[in-house]
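Each residue of the sequence shown is one higher than the last, beginning at 1 in the working numbering.
All remarks here apply to the structure that follows.
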Amino acid sequence: MRRRISALALTAALAGGVVFTALPATTASAATATCHPSQMRQQIADLRAKAKRMKHEGEPEAARRANAQADAIQKRLNQCLKSDSEASKRWS
């Protein structure tokens, strides 16, 4: 009886380990992001216009935050465009 319980516990632990090691691989592949360059460019333009308006109205801190958001979106856009161009190159 004692061997049977330890064998069942070992089997359950191994099966649980397989589930835990397989779980991050599926969530990582499910987290792929898609890029929409036209929408991202529009967001950047809107944020830059907002920052300009805020600066004109005398709110430099809000303008700085809007510019920082626009810079972050620009960085993501550049990364997306770079990955798309590298993915489309032929393997030689």
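Think of the CB as a built atom: it goes at the ideal place given N, C-alpha and C, for glycine as much as any other residue.
With 16 other CB atoms within 10 Å as the buried threshold, where does residue i fall?
| i | result |
| --- | --- |
| A45 | exposed |
| A7 | exposed |
| A51 | buried |
So residue i and residue j are in contact, right, with Cβ under 8 Å, and what is the actual spacing, rounded?
| i | j | result |
| --- | --- | --- |
| R48 | A70 | 5 Å |
| R4 | M40 | Contact doesn't hold; Cβ gap of about 60 Å is too wide. |
Does the segment 82-89 come close enough to the segment 52-72 to have 3 or more Cβ pairs within less than 8 Å? no
Give a yes or no on contact between the segment 34-45 and the segment 73-80, applying the rule of three or more CB pairs nearer than 8 Å. yes
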